[in-house]
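Just so we're aligned: the sequence shown equals residues 1309 to 1409 in the numbering used here.
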Amino acid sequence: MRRVDPTARRRAREAALQMLYQGEVGRTGAYEAIATYWPARDPEEALPEDAREFANGIVRGTLTRVEEIDRLLAAHAQNWRVERMAVLDRLVLRMATYELL
C-alpha cells in the first residue's frame, strides 16, 4: 500500500467508520457498504483514490476478521460483553484492533 497523506488517512478512517456503522446498523456486507457509501458523498468532500482504497481496505479487513477481533475484545473487556458495547465504541475498537493486527 502506498503512503497516504496523514490528513487524508484521518478522513479515510472517518469514512471507514461510517461504512462500518452502515454495515452494522443496516446489516450489509463490506462490499455493499463500500458500493453505496462513495457515490453518496459530496464531490467537494472527495478523498484521493489512495485514501479511498485505504478506507475500503480497513472496512474489508475489519469485517473479514470480525470474529477474531471480537474474541480478542471479549478476552480483554472486563465485565462487559462485546455485543453490549455501544455501536460506535465497538466499531472503533474493532477498527483499531484490525489496524494493530
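Just so it is clear, CB atoms sit at the ideal spot from N, CA and C, and this is done for glycine as well.
In this text the structure is predicted, and so the values were computed from the model without any measurement.
I need the straight-line Cα distance from residue i to residue j, nearest angstrom please.
i, j, result
"G1337", "Y1345", "12 Å"
"A1348", "L1381", "32 Å"
"E1361", "R1317", "10 Å"
"Q1330", "A1320", "15 Å"
"R1373", "R1389", "18 Å"
"L1328", "T1405", "14 Å"
"E1407", "R1379", "16 Å"
"E1391", "R1402", "12 Å"
"R1368", "E1340", "11 Å"
"E1375", "T1315", "30 Å"
"A1323", "A1363", "6 Å"
"L1325", "I1377", "16 Å"
Mapping the DSSP letters down to three states, classify residue i as helix, strand or coil.
i, result
"R1373", "coil"
"P1356", "coil"
"R1335", "coil"
"R1318", "helix"
"A1324", "helix"
TODO: Pair every Cβ in the stretch 1354–1367 with every Cβ in the stretch 1378–1396, then say whether three or more of these pairs are closer than 8 Å.
DONE: The way I'd put it, the stretch 1354–1367 doesn't touch the stretch 1378–1396; fewer than three beta-carbon pairs between them come closer than 8 Å.
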